[in-house]
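The sequence shown: position 95 = 95 (our numbering), numbered continuously. Where is the CB? At the ideal position from N, CA and C, for every residue including glycine. Right, one structure below, let's go through it.
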Amino acid sequence: MMHRSVIRPALLVALLTVPAVAGAQNGVACENGFAAGFACDQIDLAARIDLATFETDRGADLWGWTDPDTGHEYALVGLTNGIAFVDVTTPTSPVYLGKLPTATIASIWRDVKVYENYAFIVADGAEAHGMQVFDLTTLRGLSADPARRFTAATNYNGVEGNRPGSSHNVVINEDTGFAYLVGSDDCAGSLHMVDIQNPTSPTFGGCFSADGYTHDAQCVTYTGPDPDYTGHEICALSQGTFDSSSHYSFVDVTDKANPVLISRAFYTDAVYAHQGWFTEDQRYFLGGDEIDDDASATTRTIIFDVADLDNPEFDFFYLGPVETTDHNLYIRGDYAFLSNYEAGLRVVDISGIETETLTEVAYFDTYPESDNESYNGLWTTYPYFESGTLIANDRDYGLFVLQPTFSITSVEPTLPSEDGYMLSAPQPNPSSGQTRLTLTLAESQYITAEVLDLTGRRVALLHEGPARSALALTLDGSTLSSGLYLVRVVGEAFHATQRVSIVH
Numbered sequence: 001m002m003h004r005s006v007i008r009p010a011l012l013v014a015l016l017t018v019p020a021v022a023g024a025q026n027g028v029a030c031e032n033g034f035a036a037g038f039a040c041d042q043i044d045l046a047a048r049i050d051l052a053t054f055e056t057d058r059g060a061d062l063w064g065w066t067d068p069d070t071g072h073e074y075a076l077v078g079l080t081n082g083i084a085f086v087d088v089t090t091p092t093s094p095v096y097l098g099k100l101p102t103a104t105i106a107s108i109w110r111d112v113k114v115y116e117n118y119a120f121i122v123a124d125g126a127e128a129h130g131m132q133v134f135d136l137t138t139l140r141g142l143s144a145d146p147a148r149r150f151t152a153a154t155n156y157n158g159v160e161g162n163r164p165g166s167s168h169n170v171v172i173n174e175d176t177g178f179a180y181l182v183g184s185d186d187c188a189g190s191l192h193m194v195d196i197q198n199p200t201s202p203t204f205g206g207c208f209s210a211d212g213y214t215h216d217a218q219c220v221t222y223t224g225p226d227p228d229y230t231g232h233e234i235c236a237l238s239q240g241t242f243d244s245s246s247h248y249s250f251v252d253v254t255d256k257a258n259p260v261l262i263s264r265a266f267y268t269d270a271v272y273a274h275q276g277w278f279t280e281d282q283r284y285f286l287g288g289d290e291i292d293d294d295a296s297a298t299t300r301t302i303i304f305d306v307a308d309l310d311n312p313e314f315d316f317f318y319l320g321p322v323e324t325t326d327h328n329l330y331i332r333g334d335y336a337f338l339s340n341y342e343a344g345l346r347v348v349d350i351s352g353i354e355t356e357t358l359t360e361v362a363y364f365d366t367y368p369e370s371d372n373e374s375y376n377g378l379w380t381t382y383p384y385f386e387s388g389t390l391i392a393n394d395r396d397y398g399l400f401v402l403q404p405t406f407s408i409t410s411v412e413p414t415l416p417s418e419d420g421y422m423l424s425a426p427q428p429n430p431s432s433g434q435t436r437l438t439l440t441l442a443e444s445q446y447i448t449a450e451v452l453d454l455t456g457r458r459v460a461l462l463h464e465g466p467a468r469s470a471l472a473l474t475l476d477g478s479t480l481s482s483g484l485y486l487v488r489v490v491g492e493a494f495h496a497t498q499r500v501s502i503v504h
């Protein structure tokens, strides 16, 4: 969402209007275009936790963390008054563990990212908030406790002459161990660099301010097609200016003391370059303009060809199917996950990007009231859990835990056999926790996937409903006794089984 200084007054009422909703909703399949009243296609509602449960009136950004020791998956949920921590390992039974309160005052802008086992949190319009650092291993073994309040391990406030104060976003390159505060009160609102390799002792690393205010960014270790920058640390900056000069910039930050502006990328009818993300091969960059509502009848995603970082070229616009406002997008494999406020989550297949062919393949509308141009609705979707579970934070309806009925993982798919299907071997096997299988189909059909004990008794239902080309199945072995189990999948013209050993 835009920096505090450039909110459109006409939308202020929408910002402050919160629908009266309450309660949690769990395990609802997307059937006939709806799941618990939310319009959907190819995405099931595993669970929802409303804002009242979090004791707040607005949601903000979010991120995810996977515990490397236990495999548990957690949602880090931005709120006006802090960050909520939710264990979503069992998607249909999320566990709210407690909250880290804001370092200063409440703010509708709160952002969080992760490095190693620490969360790094900033807030905009929040006085001298700085950057909170929270040890995520604190969450291990905790049970539900909505009243629990956590304490930050430390709070970074820069150095004399370089105080970030409030920041709109925090960006982290996990390869290098550097965080970049953007939209802060320092470095002209651009990159305030922080060395977080020792997470509890962050140190100021430098400034980049040559291109003005930066709303958001992505910083990567470059492995793309331009050999001039192989191995360099490159940041793609979203330069929201509120006018036609708005653009994206590419900056080499390998030398923190001497960052170099490589190039700028422009596009027609620009107003506010809000956020963007590289494709996994770093050949293309996809961006969204938060205020270009008048430029097209529906949302626009801007695609740049960045094969030559010195000369990025506008390639084409992808026009979505709904007339709403776009916000954050992230890319995993062949899919872009677009959080488009009142239109909710839109999943777009980008595998045909070289031929300018992008296709929406799924959606989940987290804001059922309407599909208008406003700042109500979905802020961000996190698509990077190994399990394939999606978490999404709606500013009005709270945390959604979602399960696509197709595989979103970057693993190369197994081709269906001549019989029209293929059920992969479970991984890991044996297992004490989650184990995963992938069903690949030649044709869409109705699928039932269940777990049986050796007496033939059903002990778990993994999926029941339509499935397309690939279906990710996750068995939670932590709820089962040690022993041998069968995963049985029955389609319209086939059945298949795999053995899984659970060991505790």
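Q: Compute the Euclidean distance between the alpha carbons of D293 and G320, then round it to the nearest angstrom.
A: As a first step, residue 293 is located in the sequence shown; it is residue number 293 there, counting from the start. As a first step, residue 320 is located in the sequence shown; it is residue number 320 there, counting from the start. Each residue's Cα considered, the two are about 12 Å apart.
Q.
Buried or exposed for P430, going by 16 or more other Cβ atoms inside 10 Å?
A. Counted from its first residue, the sequence shown places residue 430 at position 430. Exposed, because fewer than 16 other Cβ atoms sit within 10 Å of the Cβ of P430.
Q) Under a three-way DSSP split, which group does P227 fall into? A) Residue numbering aside, residue 227 sits at position 227 when the sequence shown is read from its first letter. Looking at P227 - three-state DSSP - the assignment turns out to be helix.
Q. Is I391 helix, strand or coil when you go by DSSP?
A. Taking the sequence shown and counting its residues from 1, the one referred to as residue 391 is at position 391. Residue state, collapsed to three classes: strand.
**Q.** Assigned secondary structure, A295 (DSSP; H/G/I helix, E/B strand, else coil)
**A.** Position 295 of the sequence shown holds residue 295. Here A295 sits in helix by DSSP.
Q.
Threshold first: 3 residues or longer. Then list the beta strand (DSSP E) segments lying entirely within the stretch 168-217, N to C.
A. 169-173, 178-182, 191-195, 203-208
Q: With DSSP collapsed to three states, give me the class of E360.
A: Position 360 of the sequence shown, counted from the first residue, corresponds to residue 360. Three-state result, E360: strand.
Q.
Using a Cβ-Cβ cutoff of less than 6 Å, which residues in the same chain neighbour A126 once the five nearest sequence positions on both sides are dropped?
A. As a first step, residue 126 must be located in the sequence shown, where it is residue number 126. The residues are T104, I105, S107, S166.
Q: Starting from the C-beta of T90, find all residues in its chain whose C-beta is less than 6 Å away, skip the five residues before and the five after it, and write them out in chain order.
A: For the purposes of this step, residue 90 is taken as the residue at position 90 of the sequence shown. Here the set comprises D476.
Q) At which residues does the beta strand (DSSP E) containing D41 begin and terminate? A) Stepping through the sequence shown from its first residue, residue 41 is reached at position 41. Taken as a continuous stretch (DSSP letters only), the beta strand (DSSP E) holding D41 covers 38-41.
Q.
Suppose only complete runs of 3+ residues qualify. What are the beta strand (DSSP E) ranges in the stretch 251-305, listed by chain order?
A. 260-265, 273-278, 284-289, 300-305
Q.
Please classify L441 as buried or exposed, where buried requires at least 16 neighbouring CB atoms within 10 angstroms.
A. Start at 1 with the first residue of the sequence shown, and residue 441 comes out as number 441. So L441 counts as buried.
Q | Enclosing beta strand (DSSP E) for H495 [first to last residue] | A | As a first step, residue 495 is located in the sequence shown; it is residue number 495 there, counting from the start. Run containing H495: 495-502, per the beta strand (DSSP E) assignment.
**Q.** Beta-carbon proximity check, P164 vs M131, cutoff 8 Å
**A.** In the sequence shown, the residue the question calls residue 164 occupies position 164. In the sequence shown, the residue the question calls residue 131 occupies position 131. Taking 8 Å as the Cβ cut-off, P164 and M131 qualify as a contacting pair.
Q: State buried or exposed for R436, treating a residue as buried only when at least 16 other CB atoms are found within 10 Å of its CB.
A: Within the sequence shown, residue 436 is the residue found at index 436, counting from 1. Under this definition R436 is a buried residue.
Q: Consult DSSP for T313 and reduce its assignment to one of helix, strand or coil.
A: Sequence index remark: in the sequence shown, residue 313 carries index 313 (1-based). First, the amino acid is wrong: residue 313 is Glu here, not Thr. E313 falls in the strand class under three-state DSSP.
Q) DSSP state of T137, grouped into three classes? A) As a position in the sequence shown, residue 137 is number 137, starting the count at 1. DSSP places T137 in helix when its eight states are reduced to three.
Q | Backbone secondary structure at S249 - three-state DSSP | A | Looking up residue 249 in the sequence shown gives position 249. Correct three-state label for S249: strand.
Q | For R110, the residue or residues it bridges with in DSSP | A | Here residue 110 refers to the residue found at position 110 of the sequence shown. Partner(s): A123.
(Q) Spatial neighbours of K256 within its chain, please: C-beta separation below 6 Å, excluding the five flanking residues on both sides. (A) Reading the sequence shown from its first residue, position 256 is the one you call residue 256. M193, G205, G206.
Q. Can you name the start and end residues of the beta strand (DSSP E) that A472 belongs to?
A. For the purposes of this step, residue 472 is taken as residue 472 along the sequence shown, with counting starting at 1. From DSSP, the beta strand (DSSP E) with A472 extends over 470-476.
Q.
Tell me the rounded alpha-carbon separation between T151 and Y330.
A. Stepping through the sequence shown from its first residue, residue 151 is reached at position 151. Stepping through the sequence shown from its first residue, residue 330 is reached at position 330. When rounded, the distance between both Cα atoms is 30 Å.
Q | N258 burial status per 10 Å Cβ neighbour count (16 or more: buried) | A | Within the sequence shown, the letter at position 258 stands for residue 258. Classification of N258: exposed, given that the 10 Å Cβ count is below 16.
**Q.** Same chain only: Cβ atoms within 6 Å of D175, ignoring 5 sequence neighbours per side
**A.** The residue you call residue 175 lines up with position 175 of the sequence shown. Same-chain partners within the cutoff: T221.
(Q) What does the Cβ neighbour count give for Y213, buried or exposed, with the cut at 16 atoms within 10 Å? (A) Reading the sequence shown from its first residue, position 213 is the one you call residue 213. Buried, since its Cβ has 16 or more Cβ neighbours within 10 Å.
**Q.** Residues bridged to H463 (per DSSP)
**A.** On the sequence shown, position 463 is the one that residue 463 refers to. Looking at the DSSP assignment, H463 forms a beta bridge with A449.
Q) So F85 is in the beta strand (DSSP E); what residue range does that whole segment cover? A) Along the sequence shown, read from residue 1 onward, the residue named residue 85 stands at position 85. It spans 82-87 - the beta strand (DSSP E) in which F85 sits, taken as one unbroken run.
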